[in-house]
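A.B. asks: Listed in order, the protein sequences are those of chains A and B. Under this note's numbering, the letters of the first sequence match residues 381 to 495, in that order. Under this note's numbering, the letters of the second sequence match residues 119 to 230, in that order.
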Amino acid sequence: GAVVSQHPSWVICKSGTSVKIECRSLDFQATTMFWYRQFPKQSLMLMATSNEGSKATYEQGVEKDKFLINHASLTLSTLTVTSAHPEDSSFYICSARAGTANVLTFGAGSRLTVL
Amino acid sequence: GESVGLHLPTLSVQEGDNSIINCAYSNSASDYFIWYKQESGKGPQFIIDIRSNMDKRQGQRVTVLLNKTVKHLSLQIAATQPGDSAVYFCAENFNQGGKLIFGQGTELSVKP
Chain A
381 GAVVSQHPSW
391 VICKSGTSVK
401 IECRSLDFQA
411 TTMFWYRQFP
421 KQSLMLMATS
431 NEGSKATYEQ
441 GVEKDKFLIN
451 HASLTLSTLT
461 VTSAHPEDSS
471 FYICSARAGT
481 ANVLTFGAGS
491 RLTVL
Chain B
119 GESVGLHLPT
129 LSVQEGDNSI
139 INCAYSNSAS
149 DYFIWYKQES
159 GKGPQFIIDI
169 RSNMDKRQGQ
179 RVTVLLNKTV
189 KHLSLQIAAT
199 QPGDSAVYFC
209 AENFNQGGKL
219 IFGQGTELSV
229 KP
């Protein structure tokens, strides 16, 4: 079955630094990837839709200059949290869809802690 | 961003009992629905899906019911086991290949 890999699985950084999270589709090509954010005991909140070869589409309220998304190939999307602050500490989860398939396959998530 | 940011409701059941988890979705135009299971510290795992032209679909030990009139979705788990303990989310999709929006989620706790 489809596998999505995220890296790193957890990261701790100092306030003001930038952190990059990678999302890879291992055995299929993902024309579309989605980035979600999840706070403890809450649901997944869609941040943005990442389309291969074009700019990401951000959800309302999500700062595109703070959460940089790059989807340069059909198997890799990256999320960079720029100038991270403690309030950016969260669980970031990516998902990928092969073609127009409805089912999304999720990565294992990346836990970011900003000190 | 979309989705509900409230704290999760919980459901506690005895091992062997049946569980019913409910979800209210937001968009009457949604045409595809998925239930996901999320264990602590992990990403969501697909359980079962249903299209809007159906009102019931069964899998192994799980059944999803869809009531479009009241925009309600439910997940029934038969003979609940300790390994079923997790958070369960419904998600809706309202255009082919479009984004998936998650519902509030329910934390299921199975007592041995």
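Ideal placement from N, C-alpha and C gives every residue a C-beta, glycine not left out.
Applying the criterion that 16 or more other CB atoms from any shown protein chain within 10 Å of the CB defines a buried residue, is H465 (chain A) buried or exposed?
C.D. replies: Exposed is the call here.
A.B. asks: When you compare only the Cα positions, how much space is there between R404 (chain A) and L456 (chain A)?
C.D. replies: 5 angstroms
A.B. asks: To the nearest angstrom, how far is the alpha carbon of N185 (chain B) from that of D173 (chain B)?
C.D. replies: 6 angstroms
A.B. asks: Could you give the first and the last residue of the continuous beta strand (DSSP E) run that contains R491 (chain A)?
C.D. replies: Counting along the chain, the beta strand (DSSP E) containing R491 (chain A) begins and ends at 490 to 494.
A.B. asks: Rounded to whole angstroms, what's the CA-CA distance from G123 (chain B) to T412 (chain A)? Just pull it up for me.
C.D. replies: Residue confidence for G123 (chain B) is low, a pLDDT of 43 falling below 50, so the modelled location carries little weight; the figure read from the coordinates is stated next. So the alpha carbons of these two residues sit roughly 24 angstroms apart.
A.B. asks: Helix, strand or coil: which one does DSSP assign to R404 (chain A)?
C.D. replies: The answer is strand: DSSP assigns R404 (chain A) an E or B state.
A.B. asks: Three or more C-beta pairs closer than 8 angstroms, one from the region 445 to 460 of chain A and one from the region 139 to 150 of chain B: is that the case here?
C.D. replies: no
A.B. asks: Since N185 (chain B) is in the beta strand (DSSP E), which residue starts that stretch and which ends it?
C.D. replies: The continuous beta strand (DSSP E) containing N185 (chain B) extends over residues 180 to 185.
A.B. asks: Residues in its own chain within less than 6 angstroms of T458 (chain A) by CB, not counting five upstream and five downstream?
C.D. replies: K400, E402, N450
A.B. asks: How many Å lie between A197 (chain B) and S453 (chain A) at the Cα?
C.D. replies: 44 angstroms
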